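Below is one structure, written out as structure tokens, with a few remarks after it.
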Amino acid sequence: SLSSRTLIYKGMLTSGQVNPYFPDLSDPDMVTAIGLVHSRFSTNTFPNWELAHPFRYIAHNGEINTLRGNINWMRAREALFASPLFGKEIKKVLPVVREFGSDSAVFDNALEMLVQGGYSLPHAVMMMIPEAWSGHETMSREKKDFYEYHSCLMEPWDGPASIAFTDGRMIGAVLDRNGLRPSRYYVTKDDLVIMASEVGVIDVPPEKVLLKGRLQPGKMFLVDIQQGRIIDDAELKHGLATAKPYGEWLKKELVKLEEIPASPDLPEPDHATVTKRQAMFGYSVEDINLLMRPMAANGEEAIGSMGTDTPLAVLSDKPQNLFNYFQQLFAQVTNPPLDAIREEIVTSVDTTIGAEGNLLEPKPESCHQIKLKNPVVDNDELAKLKQLADKPYRGFKSRTLPMLFKASEGAKGLVGAIEKLCVDAAAAIKDGCNILILSDRGVDRDQAPIPSLLATAGVHHHLVREGTRSKVGLVIESGEPREVHHFALLVGYGAGAINPYLAFETLDDLIRDGVLENTDSKTAELKYVKAVKKGIVKVMSKMGISTIQSYRGAQIFEAIGLNKDLIDKYFTHTASRIQGIGIEEVCQETLKRHRKAFPERVGGPLLLDVGGQYQWRRDGEYHLFNPDTVAKMQAAVRDGSYKDFKEYSKTVNDLSQGLCTLRGLFEFKKGKPVPIEEVEPAQEIVKRFKTGAMSYGSISAEAHETLAVAMN
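Under the working numbering, think of the first position of the sequence shown as 403, with each following residue one higher.
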């Protein structure tokens, strides 16, 4: 360590090996007021020196689930970095984060930059791991203002985490807003403070204990060595929250969307062309009846069974929209999901759009953004944003860019249109626009829509690479998104707000035709938006993420069936384990829907595809469990016939091999057989099985007992 205040020891050692390996730690002349120790092992990766704990400022127990988004946003902000503490030398410390370091190392990089840039260590930690504040009814106004102001500067680094930190002058710890990692402390009568993940790490006689407790969710515990005292959470945060007039800054600079004057220029529903446009964007009868109607009627998604027996998008012979090539990731191993229903206080869908300021020099105008109650905006709200192009309001200026390409030019035209979209976005930023609206309105016989996810991710990553992403908010006006998965993907790849205009028109059409009863268009829209909002929170909570600001741009998805070139260019750093289609096939699927909506010859009324994704239909999607396979299974079970069961198994396996599942495409690679006598017996192999939990308390007593019985 080159620090004059901290000395760092690292080793791939067990705890008992540390002292013998570093004999100076046992030297009586070695004296310190602070000791920060972290004995850890890899949970989601293999042990690797490249991923060793950094220990510049922090020791971290947990995971940062929003890491990819945090890295991208930090990289985008670097272009605005300026500070008198660095002067012209600031470029020498960029990029701030090591792109492929561990989550602990990346967090440490960002925290170090904030501290070196002028923030106190506790202040920087509060910015990166804020407590749940937006729905907290008893929190003081000053503290809420502090958190809301800083949310305009930086998104939370979200996930289960207990983080201890020190700069050699003070030492402290903070717990994530959900309290998903343990931290307990003792204070002894001889002024020794001990904090650890469990009680009993260091033996302390009970009679010496002055104070003991555990760190609460979102709270901070701090020991200031120079002052020689413990500063409790309330005192610490009150001091930081009242250091500057954050409330006054917010009142002056942060604009709520409802404060912007209404626009008289509202689009009218076009019932004559709604079916044509539904066909263009791949709507099915099933989408409308099974997904959208319940959302508009009840304000929540319809309840369905888990799992699917339909082919992956890349294996299907039906046209697929690009959303279907992505799967949501979810919390695993030591990374728990959230209960977003019972723990609603920790979740937030509030979001802001607009330009960010210089992270290293916070000013009143750093929070000059537009605040939205959720990322789904209706036509009235979008019209407010669109009119900012001609009538800027309080420094906000917008520009609408078309997400369209010439159908006659095919894949070449699609690629060229995306490139032009990126160039136009960069030019708009140079012209002073701080809100970009990407719109696919205007689809016709000649113009086809760029898939909204492709356009959103493409522009987002282009601006990240250019270093201008933090100067603008992205709003998507598209007829394509209609189900929760679509909205989650658009937000996950950078969208700040989404206007699903065709979904709204579809609901209006259902009411007009008497299919959606006992409601009006406005009520149906509100309930639909409510259902989408609840759905996005559900998706975030599966990955242990609490706020939409953390989720935006975090790319918590895996691509299945997209080739490397497509991912590297438009969905940079998205996880993908197999290859698949490229831009050519994406274009073909788009044009297939375009030809259906705008046929060369009209031969009768246009009908939407039946769908068949959720229920078997004769002309719908392939299902492993269809009337034929179900009948054979029932016959085998009813008669107890092994012959019927083999026939059923053969039918299902044949379907699986017929492009229904990835495993159905695998072939066994035959090796050279060996005599059975030379193979280790099963009795010896099972002796080496281990069933211990990965971390203390991570499995229930019932699960532990069941495993113990099985192994004995």
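Just so you know, even glycine gets a beta-carbon here, dropped at the ideal spot from N, CA and C.
Owing to the predicted nature of the structure, the values given are computational and were not obtained by experimental measurement.
Residue i, buried or exposed, once every other Cβ within 10 Å from all chains shown has been counted against 16
{"i": "Tyr411", "result": "exposed"}
{"i": "Ala512", "result": "buried"}
{"i": "Thr382", "result": "Limits of the chain in this structure are 403 at one end and 1114 at the other, which puts residue 382 out of reach."}
{"i": "Ile662", "result": "buried"}
{"i": "Asn700", "result": "exposed"}
{"i": "Ile1078", "result": "exposed"}
{"i": "Asp911", "result": "buried"}
{"i": "Pro1007", "result": "exposed"}
{"i": "Trp535", "result": "buried"}
{"i": "Ala563", "result": "buried"}
{"i": "Gly489", "result": "exposed"}
{"i": "Lys396", "result": "In the structure displayed, the chain extends from 403 to 1114; residue 396 sits before or after that span and is not available."}
{"i": "Met432", "result": "exposed"}
{"i": "Gln957", "result": "buried"}
{"i": "Gln771", "result": "buried"}
{"i": "Glu767", "result": "exposed"}
{"i": "Tyr1044", "result": "exposed"}
{"i": "Ser872", "result": "buried"}
{"i": "Met530", "result": "buried"}
{"i": "Tyr648", "result": "buried"}
{"i": "Gly574", "result": "buried"}
Spatial neighbours of residue i in its chain, beta-carbon cut-off 6 Å, leaving aside the 5 residues before and after
{"i": "Glu885", "result": "Leu693"}
{"i": "Val751", "result": "Asn776, Lys935 and Ile950"}
{"i": "Glu544", "result": "Ala643 and Thr644"}
{"i": "Ala977", "result": "Glu960"}
{"i": "Gly471", "result": "Gly955 and Ala956"}
{"i": "Ser665", "result": "Ala785, Lys786 and Gln789"}
{"i": "Val576", "result": "Val527, Ile531, Ile565 and Met622"}
For residue i: DSSP bridge partner residues
{"i": "Gly464", "result": "Ala563"}
{"i": "Arg884", "result": "None, per the DSSP bridge assignment."}
{"i": "Arg477", "result": "For Arg477, which the question treats as bridged, DSSP gives no partner whatsoever."}
{"i": "Asn901", "result": "Glu879"}
{"i": "Asp626", "result": "Met572 and Arg631"}
Residues near residue i by beta carbon distance below 7 Å, same chain, minus five either side
{"i": "Ser686", "result": "Leu1010, Asp1011, Val1012 and Gly1013"}
{"i": "Lys808", "result": "Gly815, Asp848 and Gln849"}
{"i": "Ile983", "result": "Val716, Gly963, Leu964 and Asn965"}
{"i": "Met1035", "result": "Tyr1050"}
{"i": "Ala857", "result": "Met805, Ile820, Leu823 and Leu840"}
{"i": "Val939", "result": "Ala742, Thr749 and Val751"}
{"i": "Leu892", "result": "Ser854, Leu855, Thr858, Ile878, Pro883 and Ile900"}
{"i": "Asp967", "result": "Gly984"}
{"i": "Glu907", "result": "Pro671 and Val676"}
{"i": "Val601", "result": "Arg586"}
{"i": "Ile747", "result": "Ala534, Gly537 and His538"}
{"i": "His673", "result": "Asp911 and Arg914"}
Residue i and residue j closer than 9 Å at C-beta
{"i": "Ala478", "j": "Gly869", "result": "yes"}
{"i": "Leu642", "j": "Ile632", "result": "no"}
{"i": "Leu761", "j": "Leu555", "result": "yes"}
{"i": "Ile492", "j": "Phe483", "result": "yes"}
{"i": "Arg616", "j": "Thr753", "result": "no"}
{"i": "Tyr551", "j": "Pro764", "result": "yes"}
{"i": "Glu919", "j": "Leu904", "result": "no"}
{"i": "Val874", "j": "Ala785", "result": "no"}
{"i": "His440", "j": "Ser504", "result": "no"}
{"i": "Pro738", "j": "Leu582", "result": "yes"}
{"i": "Leu1118", "j": "Thr712", "result": "The structure shown does not extend to residue 1118, since the chain is modelled only from 403 through 1114, so no value can be given for it."}
{"i": "Glu650", "j": "Ala813", "result": "no"}
{"i": "Ala1038", "j": "Glu702", "result": "no"}
{"i": "Lys929", "j": "Met697", "result": "yes"}
{"i": "Val917", "j": "Arg695", "result": "yes"}
{"i": "Ile473", "j": "Val495", "result": "no"}
Proximity test, residue i beta-carbon vs the ligand MN heavy atom, cut-off 8 Å
{"i": "Glu703", "result": "Of ligands this structure carries none, so the ligand MN is not represented either."}
Spatial neighbours of residue i in its chain, beta-carbon cut-off 8 Å, leaving aside the 5 residues before and after
{"i": "Arg1065", "result": "Ser1058"}
Neighbour flag for residue i against chain C, beta carbons, 9 Å
{"i": "Asp911", "result": "Chain labels in this structure do not include chain C; a single protein chain is all it has."}
request  = Please determine if the region 1011 to 1022 and the region 684 to 691 are in contact, where contact requires at least 3 C-beta pairs separated by less than 8 Å.
outcome  = yes
request  = Examine the Cβ distances between the region 891 to 901 and the region 859 to 869 and report whether three or more of them are shorter than 8 Å.
outcome  = yes
ask   = For the 8 Å Cβ check, are there 3 or more pairs between the region 584 to 591 and the region 464 to 478?
value = no
message = Across the region 822 to 829 and the region 737 to 744, are there enough close Cβ pairs to call them in contact, namely three or more that are closer than 8 Å?
response = no
query = Taking three-plus beta-carbon pairs below 8 Å as touching, is the region 1039 to 1051 in contact with the region 710 to 730?
reply = no
task = Give a yes or no on contact between the region 774 to 789 and the region 647 to 667, applying the rule of three or more CB pairs nearer than 8 Å.
result = yes
inquiry  = Would the region 557 to 569 count as touching the region 788 to 803 if we require 3 or more Cβ pairs under 8 Å?
reply    = no
request  = Determine, using beta-carbon pairs with one atom in the region 470 to 477 and one in the region 590 to 610, whether at least three such pairs fall under 8 Å.
outcome  = no
inquiry  = Check whether the region 602 to 622 and the region 530 to 546 touch, using three or more Cβ-Cβ pairs below 8 Å as the test.
reply    = yes
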